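To start, the structure under review is shown below, and the notes come after it.
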Amino acid sequence: MSVEAPGFSLRATPIGTLYRGGEGMWTWVLHRITGVSLFFFLFVHVLDTALVRVSPAAYDEIIATYKTPIVNLLEVGLVGAVLFHAFNGIRIILIDFWAKGPRYQRQMTWGIAAVWLLIMIPGFYFMTIHTIDALFGSTS
Amino acid sequence: MSTAVFAPRSDSRNKQRSNFELYGWMFMRVSGIILVFLVLGHLFIMNILDGGVQRINFAFVAGRWASPFWQIWDLSMLWLALLHGGNGMRTIINDYAERDQTRFWLKMLLYVSTTFIIALGTLVIFTFDASIG
């Protein structure tokens, strides 16, 4: 952090605010966008699962769409959105309840980014390996 | 020291003051922590473990819901996720819908559809029949 004269600041983020500018604002925006997206997916997901009460064939047919390449890629996005929302939710809780939370909120944001990547890289591999194999793999 | 001066803003404070928003705020944090485990566990099992989504079909669901453990897992996840998400949507509607009428009807739509989805999901878990069809 740079040295600042009292009364004004050269930083992009005003001191003493959490949600105006910088990491605090953009995580807030992302939290809302991922939250709304997940809520709408949840509606669809309960409806498609409800087909187990109709017939095994109806359920298997709808689940088959989840196995297609494009929807498979959307599932990676879903997992990515859930992971961000979950980690950032923990960050919000730490800001609210941990005495040093507000001071370390910026570091926690970059911690989220690191852990997110650490999970998403192998996650992407395991989630899409079948699709990649089916599309580009050598037929044996 | 007796005085007739009322506490500042006492009128507005005493008028229909409830702790609903406080409980809602607390619920988001408590349900959020539980959902981290329930949802990440669900996603790991369904999308990554042992072939991921490619192995899911009716028989797979039947095998899981034969166990009360996964029934309770899924039921808790259904209720907590929809109440957590529903309260989040309520906050967002309150923030962005400026006209009273718009806000009211959007929230009605939210409450009706969320109730329907929770009821449907609960019914499906409780009435699941592996020998159907």
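In order, the protein sequence lines correspond to chains A and B.
Heads up: the first sequence begins at 1 in my numbering, then just goes up one per residue.
Heads up: the second sequence begins at 141 in my numbering, then just goes up one per residue.
Just so you know, even glycine gets a beta-carbon here, dropped at the ideal spot from N, CA and C.
Here the structure is a predicted model, which means the values were calculated and not measured.
Count the CB pairs spanning the region 191 to 203 of chain B and the region 228 to 236 of chain B that are closer than 8 Å, and state whether there are at least three.
-> no
Interfacial residues, the region 214 to 237 of chain B to chain A, with Cβ spacing under 8 Å = Leu218, Ala221, Leu222, Gly225, Gly226, Gly228, Met229 and Ile232
C-alpha gap between Phe41/A and Leu175/B, whole angstroms = 16 Å
Given Met1/A, which residues of its chain have a CB within under 6 Å of its CB, disregarding the five upstream and five downstream residues?
-> Residue confidence for Met1/A is low, a pLDDT of 48 falling below 50, so the modelled location carries little weight; the figure read from the coordinates is stated next. Answer for Met1/A: no residue qualifies.
Give a yes or no on whether the minimum CB-CB distance between Gln194/B and chain A is below 8 Å.
-> Yes, because at least one Cβ of chain A sits closer than 8 Å to the Cβ of Gln194/B.
For Met217/B versus Val193/B, is the C-beta spacing smaller than 8 Å?
-> no
Using a beta-carbon distance below 8 Å, is Met127/A in contact with chain B?
-> Output row for Met127/A: interface = yes.
Apart from the five residues just before and just after Ile272/B, which ones in its own chain have a Cβ nearer than 6 Å to its Cβ?
-> none
Three-way DSSP call (helix, strand, coil) for Lys247/B in this model | helix
Listed in chain order, which residues of the region 41 to 55 of chain A have Cβ atoms closer than 7 Å to some Cβ of chain B?
-> Within the region 41 to 55 of chain A, the qualifying residues are Leu42, Phe43, Val46, Thr49, Ala50, Val52, Arg53 and Ser55.
How big is the Cα-Cα spacing for Leu74/A and Met229/B?
-> Leu74/A and Met229/B: Cα-Cα distance of roughly 22 Å.
Do Ala199/B and the ligand ADP come close, with the Cβ less than 7 Å from some heavy atom?
-> Absence of the ligand ADP from the depicted structure is noted, as is the absence of any ligand whatsoever, leaving it without description.
Exposed or buried, which one is Arg103/A when buried takes at least 16 other CB atoms within 10 Å?
-> exposed
Could you check what DSSP says for Ile33/A in three-state terms: helix, strand or coil?
-> helix
Host alpha helix (DSSP H) of Val115/A (start-end) = Gln105 to Phe136
So, is the C-beta of Val201/B closer than 8 Å to a C-beta in chain A?
-> yes
Counting contacts by CB-CB distance shorter than 8 Å, is Ala86/A in contact with chain B?
-> Answer yes: the Cβ-Cβ gap between Ala86/A and chain B drops below 8 Å somewhere.
Closer than 7 Å at the beta carbon, the chain B residues around Gly184/A = No statement about residue 184/A is possible, as the shown extent of chain A runs from 1 to 140 and does not include it.
Return helix, strand or coil for Arg157/B, following the three-state DSSP convention.
-> Reduced to three states, the DSSP call for Arg157/B is coil.
Where does Glu238/B sit, in a helix, a strand or coil, going by DSSP?
-> The answer is coil: DSSP assigns Glu238/B none of H, G, I, E or B.
Look up Val44/A in the DSSP assignment and say whether it is helix, strand or coil.
-> helix
DSSP-derived helix/strand/coil call for Asn197/B = Asn197/B: coil per DSSP, three-state reduction.
Using a Cβ-Cβ distance under 8 Å, would Gly261/B count as near chain A?
-> yes
Coarse secondary structure for Arg20/A, derived from DSSP in three states | coil
Of the residues that make up the region 171 to 192 of chain B, which ones have a beta carbon closer than 8 Å to any beta carbon in chain A?
-> Gly172, Ile173, Leu175, Val176, Val179, Leu180, Leu183, Asn187, Ile188, Gly191 and Gly192
Rounded Cβ spacing between Met127/A and Val76/A (contact assumed at less than 8 Å) | 5 Å
Which term fits Ala86/A, buried or exposed, when burial requires 16 or more other beta carbons within 10 angstroms of its beta carbon?
-> buried
Beta carbon of Ser106/B, beta carbon of His224/B: below 8 Å?
-> The shown model of chain B, from 141 to 273, leaves out residue 106/B, and the question about it has no answer.
For Gln211/B, which residues of its own chain have a beta-carbon under 7 Å away from its beta-carbon, when the five flanking residues on both sides are left out?
-> For Gln211/B, where only same-chain residues beyond five positions count, the Cβ hits under 7 Å are Trp205 and Ile265.
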